[in-house]
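These notes concern the structure reproduced below.
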Amino acid sequence: NALIKQAGLLKKIIDAIKDLIDEATLDCDNDGIYLQAMDSSHVSLVTFYLKKNLFEKYSCNRNLSLGINMTSIAKILKCGMSDDTLLLETNNPIDILSFKFESRRGHKLSQFQLRLMNLEMERLSIPDTEYSCIIEMMCSEFSKVCHDLATIGDSMTITCTKKNVTFDTTGDLGTGIVSLKQGVVGSENDENVYAASIKIVKPVSLSFSLRYLIYFTKASSLSNKVILHMGEEVPLMVEYKIFNTYEEEAGYLRYFLAPKVNE
Amino acid sequence: KETQQEIPEFFTKM
Chain E
23 NALIKQAGLL KKIIDAIKDL IDEATLDCDN DGIYLQAMDS SHVSLVTFYL KKNLFEKYSC
83 NRNLSLGINM TSIAKILKCG MSDDTLLLET NNPIDILSFK FESRRGHKLS QFQLRLMNLE
143 MERLSIPDTE YSCIIEMMCS EFSKVCHDLA TIGDSMTITC TKKNVTFDTT GDLGTGIVSL
203 KQGVVGSEND ENVYAASIKI VKPVSLSFSL RYLIYFTKAS SLSNKVILHM GEEVPLMVEY
263 KIFNTYEEEA GYLRYFLAPK VNE
Chain B
178 KETQQEIPEF FTKM
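Below, the structure is given as structure tokens:
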């Protein structure tokens, strides 16, 4: 039983993953809702965690695994308005998930039911990793870099040093390189504008498929900033933090992408 | 030549 103040937030989260994964289970317990799924080619992994404080009301008195088809849940979420409140409920036996939307002024109520699926999902264990480089930058900037470089090449090499982070690609038509300096560049409308904030233990340079990175940038509407976690011999983690309507941190959406290696 | 690695090469089943 979970009440979310703005249905639009859940829609944004689902829209950010629905083109990457077909089906997934929502694992619910008393602390929140967790999802983990790989794309069909097993190159990337998506996880999200929606903490209890994302919801106005939240209760889950026993652990549940709800098998969801992503296209179907996206269709239902599209039926609500983004500032509707949304109540999610399951029945007993657990074979449907019900969605009750209520308009902000309370003049319209709508209810939809999603048939749940029996999914045998394998859970992967994601180890706690000490990353060599953690890069924080504006979502819009990361999105632009990925889209720009994808017009030239298929993969992008991210190279992080103490002073800057460089994104580069090579294609048939030529090459492209974008470099962002470490640190705050200036203030705009009382807000600091970062080139990139870099925390570094050791410089790293790794290559990734741009097609997947572009999928990940669909989460850009969830947060101002994106955090890239990089290390040798581990997948890239692209993290978007999720905030509730009181601007408190209330979960995350994380994408993991396996690197490309030169043979 | 570049080869794409896969997630199960890094994360094991629980």
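Chains as they are written, first to last, in my numbering: chain E, 23 to 285; chain B, 178 to 191.
The beta carbon of each residue, even a glycine, is placed where N, CA and C say it ideally should be.
Inter-residue spacing [alpha-carbon to alpha-carbon] between proline 281 of chain E and arginine 126 of chain E
Computed Cα separation, rounded: 45 Å.
Identity of the residue in E:Glu45, E:Met139, E:Asp106 nearest leucine 119 of chain E by Cα
The shortest Cα separation from leucine 119 of chain E among E:Glu45, E:Met139, E:Asp106 belongs to E:Met139.
Kindly indicate which three-state DSSP category glutamate 163 of chain E falls into: helix, strand or coil?
Correct three-state label for glutamate 163 of chain E: helix.
Which runs of the beta strand (DSSP E) spanning at least 3 residues fall entirely within the segment 135-218 of chain E, listed in chain order?
Complete beta strand (DSSP E) runs here, min 3: 155-160, 177-182, 186-192, 197-203, 205-210.
Residues of the segment 87-116 of chain E with Cβ closer than 7 Å to any Cβ of chain B, in chain order:
Within the segment 87-116 of chain E, no residue qualifies.
Check methionine 92 of chain E in the structure and name its three-state DSSP category.
It is helical.
Report the three-state DSSP secondary structure of arginine 276 of chain E (helix, strand or coil).
The DSSP-derived three-state label of arginine 276 of chain E is strand.
Could you tell me the alpha carbon to alpha carbon distance between leucine 279 of chain E and leucine 146 of chain E, rounded to whole angstroms?
Approximately 14 Å, taken between the alpha carbons.
Close-in-space but distant-in-sequence residues of the same chain around threonine 112 of chain E (CB under 6 Å, 5 per side omitted):
Closer than 6 Å at Cβ, skipping near neighbours: Leu119.
Only counting runs of 3 or more residues, tell me where the beta strand (DSSP E) segments fall wholly within the segment 35-72 of chain E, in order along the chain.
If we require 3 residues or more, the beta strand (DSSP E) runs fully inside the segment 35-72 of chain E come out as 45-51, 54-60.
Three or more beta-carbon pairs under 8 Å between the segment 24-42 of chain E and the segment 94-110 of chain E, yes or no?
Cβ pair count under 8 Å is three or more, so yes.
Exposed or buried, which one is methionine 178 of chain E when buried takes at least 16 other CB atoms within 10 Å?
Buried, by the Cβ-count rule.
Opening and closing residue of the alpha helix (DSSP H) in which tyrosine 234 of chain E lies:
232-238 is the span of the alpha helix (DSSP H), which, as asked, contains tyrosine 234 of chain E.
Buried versus exposed call for threonine 239 of chain E [16 or more other C-beta atoms within 10 Å across all chains shown]
Result: buried.
Any chain B beta carbon closer than 8 Å to lysine 282 of chain E
Lysine 282 of chain E counts as touching chain B.
Contact criterion: CB-CB distance below 8 Å. Does isoleucine 148 of chain E meet it with respect to chain B?
Output row for isoleucine 148 of chain E: interface = yes.
Going by the CB atoms, is the gap between threonine 173 of chain E and glycine 253 of chain E shorter than 8 Å?
Taking a C-beta distance under 8 Å as the contact criterion, glycine 253 of chain E and threonine 173 of chain E do not qualify as a contact pair.
Contact under 8 Å by Cβ, glycine 14 of chain E with lysine 73 of chain E:
Chain E is shown from 23 up to 285; residue 14 of chain E falls before or after that span and cannot be answered.
Would you list, in chain order, the members of the segment 131-145 of chain E that have their beta-carbon closer than 7 Å to a beta-carbon of chain B?
Listed by position along the chain: Glu144, Arg145.
Interface residues of chain B facing leucine 67 of chain E [CB-CB closer than 8 Å]:
Listed by position along chain B, the residues whose Cβ is nearer than 8 Å to that of leucine 67 of chain E are Ile184, Phe188.
Candidates E:Ala29, E:Tyr153, E:Cys50, E:Ser227: which alpha carbon is nearest lysine 100 of chain E's?
Nearest C-alpha to lysine 100 of chain E among E:Ala29, E:Tyr153, E:Cys50, E:Ser227: E:Ala29.
Span separating the alpha-carbon of asparagine 91 of chain E from that of proline 225 of chain E:
Answer to the nearest angstrom: the Cα atoms are 40 Å apart.
Cβ atoms of leucine 42 of chain E and serine 66 of chain E: under 8 Å apart, would you say?
The beta carbons of serine 66 of chain E and leucine 42 of chain E sit closer together than 8 Å.
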